[in-house]
Amino acid sequence: MKNFQGVLKELEYSFENVEFYQELFYKTEVDINKIKTPDDLEQIPFTSKIDYRRSFPKGTLAKGFNLSHPMIASHRSSGSTGERLTTLEIGMHLLDRAISCAQINPSINNAFHKVGRKIARYAAPNCSDVECANPNSSIEDRILPDQTLVLPVYHDLLTTTEQMLDRTLEEINEYQPDLFYVDPTHFAFLLRHYKKRGLTPPNIPVMVAYTGATDCARRQIAEFYDMNSMYGELLSSTEFGWVAMECNHGHLHANDDSFFFEYVDVEFESPLENTFKELCISSIDQGASPHIRYRTGDVASVTEGPCDCGSDRVRFVMEGKFSQFLVKDGRPFISPQQVDKMIGGPAWLDLYQLEQVKDTEFLLKIIANDSYQQGDEAYFIEQLTDIYNTNLKVDVSFVDYIASERSGKYQFVRGLNNNV
């Protein structure tokens with residue numbers, strides 16, 4: 003397994019320098035000197051967000067680091083799965099991880115490395131992790147030291163006014179960015195406004211992150227951008243930074259030059275074809291906040307074999323978090339990604355949200371455009387009913403507004419365990 007030697011060094015470093023891991027290894031009687039093969043790693047307990055929340059900051063920081071250390075970068079999660087998580091890491095480590103990750107996508111890589119490059123970020127204010135994300139601040143107050151402009155948007159996306167949207171278009175035109183770094187749902191919303199105004203966005207690479215891109219969002223982005231050369235999806239996290247990047251052939255590749263990955267079996271089966279695994283990540287660069295066998299809660303379908311792009315990095319499809327799965331008989335049953343593939347990206351659909359309220363009861367909210375014809379949504383309900391193999395109650399409502407989550411992110415599938 004790639005980078006196994008790196009994780010062995012991280013084990014030794016963590017045991018010598020991090021209080022949490024010293025206590026964990028003593029309590030579980032782990033002898034790191036006996037870890038010789040990848041299979042031996044199973045002697046080490048998994049870790050998770052709750053461990054880092056409970057032990058932060060003293061227990062999770064390596065010796066020599068503190069909250070005000072000059073080399074440290076601090077990041078807070080959006081809180082999409084509960085309480086916000088703060089992670090501290092050496093800024094140069096995060097940059098190195100990003101550089102390694104970006105290599106998989108030529109257009110994004112070139113824009114990211116351009117001398118004096120400027121980035122325009124469009125996502126929920128919580129995701130920008132900076133005070134200047136306040137949409138009512140001036141453009142000067144929203145330019146970060148790395149020349150990223152945080153564009154104005156309201157926390158609840160669809161409440162953003164046309165006046166603010168017009169201002170955003172003006173700021174993009176004035177700033178002339180080299181790269182978009184955006185939430186896909188937010189960006190599709192912005193592109194609908196470009197279309198409404200009869201304007202065209204700048205032809206620069208689009209890197210989407212923060213939430214997964216639905217087929218519906220991808221279709222709307224594809225109206226303006228070549229998805230084979232100017233687009234890439236990024237998987238990133240507060241804990242690790244840039245974790246995986248989409249190549250020009252549409253495949254998400256693990257950044258396994260920067261991390262040690264394990265793909266953990268899940269304890270449920272889906273009725274649809276899949277290779278579900280939970281992503282488990284270990285850092286390998288002896289930084290300020292090491293993570294060993296960290297369970298992310300993210301479920302992926304792992305793909306074997308080489309990619310047409312030429313990379314040997316592992317490929318996977320992000321299926322969603324456990325809490326977001328639709329359930330049957332109290333167990334995870336269908337992933338958000340599987341739901342989205344059933345709905346697809348029809349021309350009549352601008353935005354949707356499917357919420358499971360009981361085992362066999364669902365709410366389907368739809369924001370449609372002028373291309374919609376009565377009954378267009380029936381194909382999806384039929385597919386869902388066939389998969390559940392029982393009668394379902396699906397209440398369909400056509401709306402002009404769908405609320406964002408508490409985090410400001412937009413979630414297109416809400417399972418019964420969504421807020422657990």
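Position 379, counted from 1, in the sequence shown is what the working numbering calls 381; the numbers after and before it change by one each time, with no gaps. Ideal Cβ positions, reconstructed from N, Cα and C, are used throughout, including at glycine.
Check, Outcome
"Candidates Leu26, Asp397, Leu386, Phe270, of which the one nearest Lys343 by Cα", "Leu386"
"Secondary structure of Glu357, DSSP reduced to three states", "strand"
"Contact under 9 angstroms by Cβ, Glu321 with Ser337", "yes"
"Backbone secondary structure at Phe270 - three-state DSSP", "coil"
"Euclidean distance between Cα positions of Ala126 and Ser409", "8 angstroms"
"Beta strand (DSSP E) segments (min. 3 residues) lying fully within the region 294-321", "296-305"
"Alpha-carbon to alpha-carbon, Val401 and Thr88", "36 angstroms"
"C-alpha gap between Asn250 and Lys60, whole angstroms", "42 angstroms"
"Pro154 - DSSP class collapsed to helix/strand/coil", "coil"
"DSSP-derived helix/strand/coil call for Thr387", "helix"
"Spatial distance of Ile199 from Glu164 (CA atoms)", "Sequence inspection shows Arg at residue 199; the Ile mentioned does not correspond to that position. In a straight line, the C-alpha of Arg199 is about 10 angstroms away from that of Glu164."
"Thr62 and Glu14 closer than 9 angstroms at C-beta", "no"
"Pro334 and Phe270 closer than 9 angstroms at C-beta", "yes"
"Stretch pair the region 301-319 + the region 67-78: three plus CB contacts closer than 8 angstroms", "no"
"DSSP-derived helix/strand/coil call for Gly61", "coil"
"Those residues which DSSP pairs with Val329 across a bridge", "Pro334"
"Span separating the alpha-carbon of Glu133 from that of Glu407", "With a pLDDT of only 46 at Glu133, under the threshold of 50, the placement of this residue in the model should not be trusted; the figure read from the coordinates follows. Whole-angstrom Cα-Cα distance: 20 angstroms."
"Coarse secondary structure for Thr49, derived from DSSP in three states", "strand"
"Proximity winner among Asp217, Asp180, His195, relative to Thr209 (alpha-carbon distances)", "Here residue 209 is Met; the residue named in the question, Thr, does not match the sequence. Of the listed residues, the one whose Cα sits closest to Met209 is Asp180."
"Status (buried if at least 16 other CB within 10 Å, exposed otherwise) for Gln375", "exposed"
"Identified DSSP bridge partners for His255", "Met247, Arg317"
"Buried or exposed by the 16-neighbour rule on C-beta atoms within 10 Å, applied to Ala122", "buried"
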